[in-house]
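Take a look at the structure set out below.
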Amino acid sequence: MTFDIEEWYLEKMFLGNHPEKYGQFDQYLEQILDTLDERRFKATFFCVGGMATEFPEVVRKIERRGHEIGCHSFQHTWLNKLSREEATADTHKAVDALEQCIGKKVKSYRAPAFSIGESNKWAFEVLAECGIERDSSVFPAVRDFGGFAKFGHKTPTVVHYNDISIKEFPISTTRILGQEVAYSGGGYFRFFPLGFVKKEMKKADYTMTYFHIADLIPESDGMMSKEDFESYFKIPGTLKNRYIRHIKSNLGKKGAFDKLLKLIETEFFVNLEQADSIINWDQQPTVKL
Ligand SMILES: [Zn+2]
């Protein structure tokens, strides 16, 4: 089970900085942490580096509750929008900030919006240079922003690229009407009934979940301003682009948070660190990129 933690920082830097929202994010996080405690299992929380510098208490609180802190870039810029040099600088900065914040090594990584694909597979080498051993950035299907359909594996896989190797934990997909579709996180989790998600999880040997707090809270945000949209997404902030984004990120939010709590209450999960230690890697596929 994994969460991506960025809301406080994005609100402060890109979404108009409404401090009253921080308290709301705190509350949702607290409920997630309490429910995980009741169930006595641990998750991985991929945090942006900016959370460590601007909201260190949030990162420390998650760590103190016994969960793994992973890295989710510094400020949530998609890796496929950065040059190799920029991606290296961003990852170093993020890992350093998180490690200083919690006083522990950070070994797991997830790229914002799963932005590692065929065109920037050098990113694996960048991650290894920054001390990352486990990655969960591969979305092994077609996606509106990238995805890595050619990756070819849906279970934990050892990735070899030049001289490095990294353990990859891909996002889970299932086949619906001939298409590979995700079901265990983000908008997909909001869209599918919980019964369907659980049935898919039971069928599979391996499931990777991914949740953002902002994906799950019912309050609909206003549309982003042109300026904020362009500074964040780095594409033209036309009314159409902003509207599509707005609809996509607000669809099915009502009830989504309760659905997550129900999932935690009824299923058992582990975090990446634990999964890494229980997987027999000799039996897992390897891929040379
Ligand atoms: Zn994210």
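Here the sequence shown is numbered in the numbering used here, starting from 869 and rising by one per residue.
Even for Gly, the Cβ is constructed at its ideal location relative to N, Cα and C.
Under three-state DSSP, which class holds C998?
In the sequence shown, residue 998 corresponds to position 130, counting from 1. Reduced to three states, the DSSP call for C998 is coil.
Output the distance between the C-alpha atoms of E1133 and L1157, rounded to the nearest integer angstrom.
Start at 1 with the first residue of the sequence shown, and residue 1133 comes out as number 265. Start at 1 with the first residue of the sequence shown, and residue 1157 comes out as number 289. Computed Cα separation, rounded: 39 Å.
Taking the beta carbon of D905 as the centre, do at least 16 other beta carbons fall within 10 Å, making it buried, or is it exposed?
As a first step, residue 905 must be located in the sequence shown, where it is residue number 37. Flag for D905 reads exposed.
Tell me whether P1008 counts as near ligand 1, meaning its Cβ is closer than 6 Å to at least one heavy atom of that ligand.
On the sequence shown, residue 1008 is found 140 positions in, with the first residue counted as 1. Because no heavy atom of ligand 1 lies under 6 Å away, the Cβ of P1008 does not count as near it: no.
Is Q895 buried or exposed, if buried means 16 or more other CB atoms sit within 10 Å of its CB?
In the sequence shown, residue 895 corresponds to position 27, counting from 1. The residue in question, Q895, is exposed, as its Cβ has fewer than 16 Cβ neighbours within 10 Å.
Figure out for me which residue from I1039, K1130, K1071 has the closest Cα to the Cα of P1061.
Translated into the one-based positions of the sequence shown, residue 1061 becomes position 193. Residue K1130 is the option with its Cα nearest to P1061.
Measuring straight from C-alpha to C-alpha, what distance separates A979 and A991?
The count along the sequence shown starts at 1 and reaches residue 979 at position 111. The count along the sequence shown starts at 1 and reaches residue 991 at position 123. Going from the Cα of A979 to the Cα of A991 covers about 10 Å.
Is D872 near ligand 1 - that is, is its Cβ less than 6 Å away from at least one heavy atom of it?
Against the sequence shown, residue 872 aligns to sequence position 4. Result yes, Cβ under 6 Å from ligand 1.
P1038: beta carbon under 6 Å from a heavy atom of ligand 1?
The sequence position of residue 1038 within the sequence shown is 170, counting from 1. Answer for P1038: no, Cβ out of range of ligand 1.
On the CB-based measure, 16 or more other CB atoms within 10 Å of its CB, does S941 come out buried or exposed?
Within the sequence shown, numbered from 1, the residue matching residue 941 stands at position 73. With 16 or more other Cβ atoms within 10 Å, it is buried.
For P980, is the beta carbon positioned less than 6 Å from some heavy atom of ligand 1?
Counted from its first residue, the sequence shown places residue 980 at position 112. Answer for P980: yes, Cβ within range of ligand 1.
Are the CB atoms of G938 and T912 within a distance shorter than 7 Å?
Working through the sequence shown from its first residue, we reach residue 912 at position 44. Working through the sequence shown from its first residue, we reach residue 938 at position 70. Yes, the pair counts as a contact, with Cβ atoms nearer than the cut-off.
How is the alpha helix (DSSP H) around E888 delimited, first residue to last?
Within the sequence shown, the letter at position 20 stands for residue 888. E888 -> alpha helix (DSSP H) spans 888-907.
Pairs of beta-carbons, one from the segment 967-983 and one from the segment 941-955, closer than 8 Å: are there three or more?
As far as the Cβ criterion goes, the segment 967-983 touches the segment 941-955, which means the pair count is three or higher.
List the DSSP bridge partners of W1035.
The residue you call residue 1035 lines up with position 167 of the sequence shown. Per the sequence presented here, residue 1035 reads as Lys, with Trp not at that position. Beta-bridge pairing links K1035 to R1002, V1026.
Quick one: is T870 buried, meaning 16 or more other Cβ sit within 10 Å of its Cβ, or exposed?
Locating residue 870 in the sequence shown gives position 2, counting from the first residue. T870 should be labelled buried.
Going by CA-CA distance only, name the one from F1016, F1059, R1058 that's closest to I1039.
Along the sequence shown, one-based indexing puts residue 1039 at 171. Looking at the Cα atoms, F1016 is the closest of the given residues.
Drop a sphere of 10 angstroms on the beta-carbon of H935, count the other beta-carbons inside from all chains shown, and report buried for 16 or more, exposed for fewer.
What you label residue 935 is simply residue 67 of the sequence shown in a count that begins at 1. By the neighbour-count rule (16 or more Cβ atoms within 10 Å), H935 is buried.
Nearest CA to the CA of S1093: which residue from D872, K1070, G884, V1027?
Counted from its first residue, the sequence shown places residue 1093 at position 225. Ranking D872, K1070, G884, V1027 by Cα distance to S1093 puts G884 first.
Let me know the secondary structure DSSP gives H960 once reduced to three states.
Working through the sequence shown from its first residue, we reach residue 960 at position 92. Correct three-state label for H960: helix.
Closest to G999 by C-alpha separation, out of L1107, I1103, G918, T959, would be which residue?
Counting from one through the sequence shown, the residue named residue 999 turns up at place 131. For the residues L1107, I1103, G918, T959, the minimum Cα distance to G999 belongs to T959.
Starting from the N-terminal side, write out each stretch of the beta strand (DSSP E) that is 3 residues or longer and does not extend beyond the segment 913-984.
Segments of the beta strand (DSSP E) lying fully in the segment 913-984: 936-939.
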